[in-house]
Structure formats: C-alpha cells, structure tokens
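Numbering (this note's numbering), first residue to last: 48 to 374. Note that the Cβ used here is the ideal one computed from N, Cα and C, for glycine as well.
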C-alpha cells in the first residue's frame, strides 16, 4: 500500500496597497521540500465570482488542483483579490449595494496581484514566478504580465475573457458595488451548455455539494451563509462594459512576451471557441504558445471529470524546457 506524501498547508496574510486591507495567500507544498526555484513556483488567480479556494482548492475525490501541483513538486500559492475569499472586503461591500459603484475591477485586482508577486519574489528570493489565471483572472494576469513580463516565467490562462458583443456575466441594468450569488442555483447555469445525457457525470459524485459547502464557508456574513448565498463584487461586471463589449480591451495579448499555455473547454458557454481563438491569434509576440482544447469540459473544467487533463497539461507546460522570454 502506497502512502500519500504529506503536504504543508498554510494561509498567509499580507498587507495590500490600501491601509487596513489584507490579502490572503493559500500555500501548499510537499512537507519535506522547502526550497524551490522559479520553474517550480506558481501563483494562481481566481475568476470574477469565486475565490481561489473555491476554484483551485476543492479536494474532489480527495485532491484539489493545488494539491496536484504540490504533489508534482511545485511551491503553490493562490491569491484572493480584495473582496474575495479570506481577503479583506472593501467597505462598499459591507454597505447597501446601490450606495456605491462596482467594487474591485481588474485593475485593482491586478494591483493586488502585483503586491502578492512582489511579496513572493522577495520572500522566496526569486526573480521570476509562474502565473495561472482563470476567466476574469485571465484578464487580471494578462494585464499584469503585459506590463511586467520580466517577472513572469510562464503564463497559463484558462478561458480568458476577450472581446465579445455581449457578456453572460452582465445581467444588465444599473450596477451597485456587489451582487448576490445563489449557490444552489449555480449548478443549472454550470451545466447549461452540456448535453443532457452527459450532465449527470460531468461533476464527480458529491463534487457540487462539496464545492457549495466550501464556497459558502468563505462568506463572512452568517445570514447570507444560512440563505446559501455569497456576495460577489461587481467590478468584473463593470469591466465587461468598459472593455470587453466596447471593443476596447484592457490589455493587448500582443504585449505578452513569455511562454503561454491557453486551456479551453469544449462546452464553455462563457468563452466560446471563437473568442478563445481570437485571443490566441492576438498573442503574436510570445516566444512559445500552445492552445489545448479539453473535451467534454465547461468554463468550470477545473472542477469536472476531465480536470486532471487541465492539471497535467499545466504541469507539462511549466516543466518544459524552452525559451523563457521573447527575443
């Protein structure tokens, strides 16, 4: 009988660039391994609605994305932007939504990411780090990388946002600082593009319930937890109006000059194939780029039956020898 290696697990809180604001970093690595070089160090960035814990640290069938990377020999960090997970909430998110404009857009989240990366580079005595961003997190990490190429060794993007006539993230109407997400109702939206005969097996058995439990546990307001709801900042929704539906991108993929892996799911209704292709074709100055389409997978593929393909391709790309910077 094989014994599973022990993992070191901690949460680190660092000060953000705003007084009184703290950012949570989840940290996972092999317990017996304490030194890592840049090729084996990664920071992960969540999407528009759910935290890094909700996306990257749900132990489906006993193992999360973070666990997988740690077991593969990586020093794994996952950041929550302000307003998400264990990070501080902006004051606007503790007030009636309509009293404040949308909170925590991609530029603010990118500033938080910069704070976290600067901390890790100093703390770990590294000059570069690998970076992974999912969905809106792809906007945050893409924007950061386009301005800070020397700090990034390799970039993994999972279904990044791009120009579109209409975003499914935007419900329309006036936006306040935040919106409520009804967690039990998420499942039908999650599966909306999946063939009916494939829906029962897309999410591992008990996986949605575990995800819902862990996601609700991060909501700081007890009343909302009891109602099975969480607050999500509306900054990402405002981003769609300011950038992605206005043919005015937040950043240009052409400005990314590090090796790039784009992962996309066949059944992704949020970022359809033409959007992913359009983004990929604009990334003309990276020294190496790869697009991998994951079959029978949606926008939430990191939590589905084919998630191990996502995990394995990420490891394969990050451990690959090749050019590290554009010429």
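Go ahead and pull the three-state DSSP assignment for residue 337. strand
Beta-carbon within less than 7 Å of residue 374's beta-carbon, same chain only, minus the 5 sequence neighbours each way: which residues are those? Model confidence at residue 374 stands at a pLDDT of 42, short of 50, so the residue's coordinates are unreliable; what they give is reported in the following sentence. Closer than 7 Å at Cβ, skipping near neighbours: 334.
Expressed to the nearest angstrom, what Euclidean distance is found between the alpha-carbon atoms of residue 308 and residue 357? Pairing residue 308 with residue 357, the inter-Cα distance amounts to about 11 Å.
Three-pair Cβ contact test at 8 Å for the segment 196-206 versus the segment 236-256: no
In chain order, what residues of the same chain lie with their CB nearer than 7 Å to the CB of residue 246, ignoring the 5 residues before and after it? 238
Is it right to say residue 320 is buried, meaning 16 or more other beta carbons lie within 10 angstroms of its own, or is it exposed? When all chains shown are included, residue 320 counts as exposed.
Between 303, 229, 157, 148, which has its C-alpha nearest residue 270's C-alpha? 229
With distance defined between alpha-carbon atoms, name the residue in 290, 218, 171 nearest to residue 122. With distances taken between Cα atoms, residue 122 lies closest to 171.
Run through DSSP, which three-state label would residue 301 get? helix
What residues in its chain sit with their C-beta under 7 Å from that of residue 217, if we drop five residues either side in the sequence? 284, 287, 288
Is the distance from the Cβ of residue 204 to the Cβ of residue 180 below 7 Å? Going by C-beta atoms, residue 204 is nearer than 7 Å to residue 180.
CB contact flag (residue 149, residue 281, <7 Å): yes
Residue 202 vs residue 305 beta-carbon contact at 7 Å: yes
From the DSSP output, in three-state form, read off residue 105 for me. Three-state DSSP puts residue 105 in coil, outside helix and strand.
Reference residue 112, options 311, 331, 120, 354, closest by Cα: 354
With a CB to CB cut of under 6 Å and the five nearest residues on each side skipped, what residues in its chain are close to residue 323? Result list for residue 323: 311, in chain order.
Which same chain residues end up closer than 8 Å to residue 272 when comparing Cβ atoms and leaving out the 5 residues on each side of it in sequence? 263, 264, 266
Give me, in chain order, the residues of the same chain whose beta-carbon lies closer than 6 Å to that of residue 223; leave out the 5 immediate sequence neighbours on both sides. Hits under 6 Å: 144, 145.
Residues near residue 244 in its chain [Cβ-Cβ closer than 6 Å; skip 5 each side]: none
Since residue 168 contacts residue 174 with CB under 8 Å, what's their CB separation in whole angstroms? 7 Å
Indicate the three-state DSSP secondary structure (helix, strand or coil) for residue 193 in the structure shown. For residue 193, the three-state secondary structure derived from DSSP is helix.
Would you say residue 71 and residue 132 are within 7 Å of each other, going by their C-beta atoms? yes
Using a 10 Å radius around the Cβ and a threshold of 16 neighbouring Cβ atoms, would you call residue 155 buried or exposed? buried
Quick check: residue 362 and residue 102, are their CB atoms within less than 7 Å of each other? no
Quick check on residue 211: does DSSP put it in helix, strand or coil? coil
How would you label residue 351, buried or exposed, when you count the other beta carbons within 10 angstroms and need 16 or more for buried? Per the 10 Å Cβ criterion, buried.
Integer-rounded CB distance, given that residue 99 should sit under 8 Å from residue 153: Not confirmed; about 16 Å, so no contact.
Exposure of residue 93, with buried meaning 16 or more beta-carbon neighbours within 10 Å: buried
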